[in-house]
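Line by line, the protein sequences give chains L and B.
Read left to right, the first sequence gives residues -5 to 258 (our numbering).
Read left to right, the second sequence gives residues 18 to 643 (our numbering).
Even for Gly, the Cβ is constructed at its ideal location relative to N, Cα and C.
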Amino acid sequence: MNHLDALEAESIFILREAYHQLNKPAMLWSVGKDSNVMIWLARKAFVGAIPFPVVHLDTGKEFAETYAFRDRYVPEWGLDLIGDACPPIETVDPSLPPASRFAARKSRGLTQALERHGFDGIIAGIRRDEQSTRAKERVFSPRGADGVWDFRDQPPEFWHQFNARAPRDAHVRVHPLLQWTERDIWLYIQREGIPVVPLYFARDGKRFRSLGEEGITHPIDSNAATIDDIIAELDATTAPERQGRAMDHEAEDAFERLRESGYM
Amino acid sequence: MNSTIENQHGARPYPIVIAGHVDHGKSTLVGRLLYETASLPDGKLEELKRTSEKRGADMEWAFALDALQMERDQGITLDTTRVWFASDARTYVIIDAPGHKEFLRNMITGAAAADGAVLVVDAVEGLSEQTRSHAYLLALLGVRQVVVAVNKIDKVDGGEYRFASVRDDVVDYLGGIGIEPHVVLPLSAKHGHNLVADQTSALPWWSGPSLLEALDALPVRPIQLEGDLRLPVQDLYRRPDKRLIVGRIERGRVRVGDTLSVWPGGRSAKVVSLETGSDDTRIAAAAGQSIALTLDDELFVERGHVLAAGDPPVEGNAIRARLFWLDRTPLRAGDTLTLRLATASHQVVVERLDTVIDVQTLSEHDADAVPNNGIADVVLRSRSKLVFDLAEGGIATGRGALVRDDRIVGGFTVAQAADVADGRVLIPVDHSVGAGERAAANGHQGGVLWLTGLSGSGKSTLAMALQRRLFDRGQQVYVLDGDNIRGGLNKDLGFSPDDRSENIRRIAEAARLFADAGFIVVTAFISPYREDRHNARAIIGDGFQEVFVKAGLDACESRDPKGLYVRARSGEIPEFTGITAPYEEPQDPDLTVDTEALSLDAALNVLIGQIDRVYATGGDRERASG
Ligand SMILES: Nc1nc2c(ncn2[C@@H]2O[C@H](COP(=O)(O)OP(=O)(O)OP(=O)(O)O)[C@@H](O)[C@H]2O)c(=O)[nH]1
Ligand SMILES: [Mg+2]
Chain L
-5 MNHLDALEAE SIFILREAYH QLNKPAMLWS VGKDSNVMIW LARKAFVGAI
45 PFPVVHLDTG KEFAETYAFR DRYVPEWGLD LIGDACPPIE TVDPSLPPAS
95 RFAARKSRGL TQALERHGFD GIIAGIRRDE QSTRAKERVF SPRGADGVWD
145 FRDQPPEFWH QFNARAPRDA HVRVHPLLQW TERDIWLYIQ REGIPVVPLY
195 FARDGKRFRS LGEEGITHPI DSNAATIDDI IAELDATTAP ERQGRAMDHE
245 AEDAFERLRE SGYM
Chain B
18 MNSTIENQHG ARPYPIVIAG HVDHGKSTLV GRLLYETASL PDGKLEELKR
68 TSEKRGADME WAFALDALQM ERDQGITLDT TRVWFASDAR TYVIIDAPGH
118 KEFLRNMITG AAAADGAVLV VDAVEGLSEQ TRSHAYLLAL LGVRQVVVAV
168 NKIDKVDGGE YRFASVRDDV VDYLGGIGIE PHVVLPLSAK HGHNLVADQT
218 SALPWWSGPS LLEALDALPV RPIQLEGDLR LPVQDLYRRP DKRLIVGRIE
268 RGRVRVGDTL SVWPGGRSAK VVSLETGSDD TRIAAAAGQS IALTLDDELF
318 VERGHVLAAG DPPVEGNAIR ARLFWLDRTP LRAGDTLTLR LATASHQVVV
368 ERLDTVIDVQ TLSEHDADAV PNNGIADVVL RSRSKLVFDL AEGGIATGRG
418 ALVRDDRIVG GFTVAQAADV ADGRVLIPVD HSVGAGERAA ANGHQGGVLW
468 LTGLSGSGKS TLAMALQRRL FDRGQQVYVL DGDNIRGGLN KDLGFSPDDR
518 SENIRRIAEA ARLFADAGFI VVTAFISPYR EDRHNARAII GDGFQEVFVK
568 AGLDACESRD PKGLYVRARS GEIPEFTGIT APYEEPQDPD LTVDTEALSL
618 DAALNVLIGQ IDRVYATGGD RERASG
């Protein structure tokens, strides 16, 4: 069993655990590379159709390619899509720096979806190697009311035993890809032939390494036109993955604040 | 990422935990190691300088890991984190653990995932309280590949002599818990001395390996491909034409055509197929894989059962366990907990608290409570059958978690089967009349037929008619329903989710007593939550039969015998199951009675057939001895 097989088996175990333990889970699908991998794993975990809805938190500001991809793969992958629009920007804490405020809109969209549909678990494709506060996450992360993350008092988690129950008015975040790295994701996409939005591949010397909304996500200089190129580029670069995400860089604690208040 | 890793699909990164007393320099060591191996991403060094200066420090390498504001402001690690880096030999996941004793649960969270450990000891302070408790936990968690790093060697004069004395203390303590470190080495994390090769000029007296060289020499923990199969059942997925059993193989291999045994019970069945949901067919799978399979026999299988081959797992009602306790409320003898063992869940009672272990002195003593962060040997007893292996080798069926109020509050490893170890069955009071005698006198065993279904599905009608029929046959039978429970035992409870759960818990306990007394109990409650029914099963144990009284919402609403649906629709009754509160259908009931399809008489016959099969004296169901 190689490294990718081990990661796959682990993620499948987590997804099945989430489905068993939670009453009403849903999976977040940003249409980015990681969440496509997650969908792929879920189809394997449940031997065919995914038995819960996937939620796309639509800011209305996604790239055209993202929408096209979504519309194509919802039927192809048999997804039960919930595509609720996020609430307007005016409803978001104005004390946040501009890009963070934009991002916090997604957390509000998530809160709204939780209330509207009564989910008690949200499966999200974050990874520890993306960002140093995400590195401190649990696989099953109980949230308070309003999705607040109490990182000062996380429960213990070991030996594949998870804290899968949230208080009745709150929910649990489940992170099946926590232990994957960006490189693992691309190797797996390559091995399995998982489709991704074309924006990840270089055009005119630019490509997206991390995909967010238009306006607060910027492409990097790159000539990587194939997955092999991308893996070679990752091996050579020392630039962080989320360098093109404006919201990460507005203040030392910008991302921590976002995450504490419920961002993915 | 480092470009020297050749094997793209190669080995999994080696997980190593950095443990030790608070402030001994664990995070600094990791931060500096990342720097020395050119693993810090662009801009990180500048960010570290900036954030260190902002807090009046010269350079805090620890901030590479300690990302939270609170951690940086207080200069301590709160929670465990992970980073990836590579040496020339292999990739690593470094797991940084907090040293403060307040955060021991976070240290355990990190350490449990590791194959190897670096135990960091401050050269000035030497072996300290949390050095000992971390070392002890590493041993308990099964992390036995240890490198000891005597850090801050720059701070001591005559480093060589101080190093030797700290080394002897640490080696001595580790010896007492059965750990022999691969190497004990000196270093200065902050100044980058002896982290990687060629940095020893500051330590001319040291001729041993650098930290990185020592790490590269640690052996990988092998996956347990050999050995008898253990496949704990994680879930069951029903498909129109088959029933998939899913789970992860914890040890051994499984092939299509293999005969497996299902525990508890040990009945056997053959593997018909391994399913992938795609066109690729699979005929074999091995430890570490998450699989789905079908069996040739419609055996009763549920989550928590263990599929095995070769030497069977142990089956019993009690275990002697070594536990670590992680809750502010101490654990006492007599407490009840949920025990999670692989994928099984059992209600257990702490029957005996044998000894509490003082990890500082390694002495054992009697105590009536296990404090937060304490270690103890206990006997845990369950009413339902536990299926387990002894903990050696770190098998998932030999260790698990303890849960109270939905939160993990401890962990344990199985040391022995308690019943076997004592050469007797541990029953606190020897009842003068045994269950077998009662069954013989009644002509049937006691048990609980747990009806669940929507309001109006026919539970009470069925329960009452069934009671009449069984009574007329001379059997001991009693119905528990809203009429005799809500008005008395549970009159203090309402209909909120918590109250509903408590309601079900009390009913289960009461039903259990009747069943012990030899009665066939029929309960007729909506019991809408799966979790609650699961708890009821755990409380009642082997005699529990879940019966799904099935009728669609439309049918129930049109029957509406008490006019409740009308009132619920008008909003007069809040939290009404099926309308404004959820009903979670049983996923794998012992019996389903479809009251839309069957007449009352036909439904009764189905129920009585089940009762005759399951509660027959000398039938295949042996009541739990506890
Ligand atoms: N002089 C000197 N100071 C060091 C060395 N290593 C660490 N320190 C300092 O010791 C202090 C504590 O270091 P940390 O790395 O935060 O300690 P830690 O073990 O991670 O602490 P917790 O995670 O809170 O348990 C910091 O101020 C470091 O700069 C060293 O080799 N020499
Ligand atoms: Mg630290």
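Task: Trp467/B to Phe542/B span [Cα, whole Å] - done: 8 Å
Task: Of the listed residues Glu177/B, Ala234/B, Tyr52/B, nearest to Ala140/B (C-alpha basis) - done: Shortest Cα-Cα distance from Ala140/B to any of Glu177/B, Ala234/B, Tyr52/B involves Glu177/B.
Task: Own chain, CB closer than 7 Å to Ser429/B, minus 5 neighbours either side, in chain order - done: The question names Ser, yet the displayed sequence has Phe at residue 429/B. Result list for Phe429/B: Ala338, Arg339, Leu340, Arg416, Gly417, Leu419, in chain order.
Open item on the list: Need the endpoints of the alpha helix (DSSP H) that Gly499/B sits in, please.
Closed with: 499 to 502
Task: Interface residues of the stretch 56 to 72 of chain B facing chain L [CB-CB below 9 Å] - done: Of all residues in the stretch 56 to 72 of chain B, Ser56, Leu57, Pro58, Asp59, Gly60, Lys61, Glu64, Arg67, Thr68, Lys71 have a Cβ within less than 9 Å of some Cβ in chain L.
- [ ] Answer yes or no: do Val623/B and Lys567/B have a C-beta to C-beta separation smaller than 8 Å?
- [x] no
Open item on the list: Just verifying my parser: in three-state terms, what is the DSSP assignment at Asp439/B?
Closed with: In this prediction, Asp439/B has a pLDDT of 41, which is less than 50 and means its spatial position is unreliable; what the coordinates show is noted afterwards. Here Asp439/B sits in helix by DSSP.
Open item on the list: Taking DSSP's pairing of strands, which residues face Thr594/B in a bridge?
Closed with: Ala598/B
Open item on the list: Taking DSSP's pairing of strands, which residues face Thr231/L in a bridge?
Closed with: Partner(s): none; Thr231/L has no beta bridge.
Open item on the list: Tell me the residue span of the beta strand (DSSP E) that contains Ala393/B.
Closed with: Where Ala393/B is concerned, the enclosing beta strand (DSSP E) stretches over 392 to 405.
Open item on the list: Buried or exposed for Gly327/B, going by 16 or more other Cβ atoms inside 10 Å?
Closed with: exposed
Task: Neighbour list for Pro91/L in chain B, Cβ cutoff strictly below 8 Å - done: Here the premise fails: no neighbours, minimum Cβ distance about 16 Å.
- [ ] At 4 residues or longer, and completely inside the stretch 193 to 242 of chain B: list those alpha helix (DSSP H) runs for me, N to C.
- [x] 228 to 233
Open item on the list: Does Phe134/L pass the burial test, meaning 16 or more other C-beta atoms within 10 Å, or should it be called exposed?
Closed with: buried
- [ ] Check whether the stretch 57 to 71 of chain B touches the stretch 149 to 162 of chain B, taking contact to mean three or more Cβ pairs, one atom from each stretch, closer than 8 Å.
- [x] no
TODO: Mind checking who Pro19/L pairs with in its DSSP beta bridge?
DONE: Gly115/L
Task: Val289/B versus Gly282/B: straight-line alpha-carbon distance, rounded - done: 21 Å
TODO: Measure from the alpha carbon of Asp245/B to the alpha carbon of each residue in Pro330/B, Gln147/B, Val631/B, then state which is nearest.
DONE: Pro330/B
Open item on the list: Assess contact between the stretch 41 to 50 of chain L and the stretch 72 to 80 of chain L, defined as three or more Cβ pairs (one per stretch) separated by less than 8 Å. Is contact present?
Closed with: yes
Task: Residues that Leu95/B contacts on chain L, provided the C-beta gap is smaller than 7 Å - done: Here the neighbours are Arg146.
- [ ] Provide the residue(s) that pair with Gly569/B in DSSP beta bridges, ordered along the chain.
- [x] According to DSSP, which records beta bridges pairwise, Gly569/B is partnered with nothing at all.
Open item on the list: Does the distance between the C-beta of Pro203/B and the nearest non-hydrogen atom of ligand 1 fall short of 7 Å?
Closed with: no
TODO: Please determine if the stretch 7 to 17 of chain L and the stretch 244 to 259 of chain B are in contact, where contact requires at least 3 C-beta pairs separated by less than 8 Å.
DONE: yes
- [ ] Locate the alpha helix (DSSP H) running through Asp178/L, then write down its first and last residues.
- [x] 176 to 186
Task: Beta-carbon proximity of Val539/B to Val583/B, cut-off 8 Å - done: no
Open item on the list: Check this for me: beta carbons of Glu53/B and Leu212/B, under 8 Å apart or not?
Closed with: Annotated as proximal: Glu53/B and Leu212/B, with beta-carbon spacing under 8 Å.
TODO: Assign Val34/B to one of two classes, buried (16 or more other C-beta atoms within 10 Å of its C-beta) or exposed (fewer than that).
DONE: buried
TODO: Within its chain, find whatever has a CB closer than 8 Å to the CB of Lys287/B; leave out the 5 residues flanking it on each side and keep chain order.
DONE: Once the five neighbours on either side are set aside, the close Cβ partners of Lys287/B are Gly274, Asp275, Thr276, Leu277, Leu312, Asp313, Asp314.
TODO: Indicate whether at least one CB of chain B lies closer than 8 Å to the CB of Ile6/L.
DONE: yes
- [ ] Check whether the Cβ of Tyr153/B lies closer than 8 Å to any Cβ atom in chain L.
- [x] no
- [ ] Check Thr126/B in the structure and name its three-state DSSP category.
- [x] Assigned with DSSP and collapsed to three states, Thr126/B falls in helix.
- [ ] Would you please verify whether the beta carbon of His14/L is less than 8 Å from any beta carbon of chain B?
- [x] yes
Task: First through last residue of the beta strand (DSSP E) which encompasses Val31/L - done: Taken as a continuous stretch (DSSP letters only), Val31/L belongs to no beta strand (DSSP E), being part of the alpha helix (DSSP H) at 27 to 39.
Task: Inter-residue Cα distance where the pair is Leu1/L and Ile179/L - done: Distance between the alpha carbons of Leu1/L and Ile179/L: 10 Å.
Open item on the list: Can you determine whether any heavy atom of ligand 1 sits closer than 7 Å to the C-beta of Val165/B, and answer yes or no?
Closed with: Checking the Cβ of Val165/B against ligand 1 gives no.
Open item on the list: Can you find the residues in the same chain that come closer than 7 Å, C-beta to C-beta, to Gly193/B, ignoring five residues on each side of it along the sequence?
Closed with: Leu379
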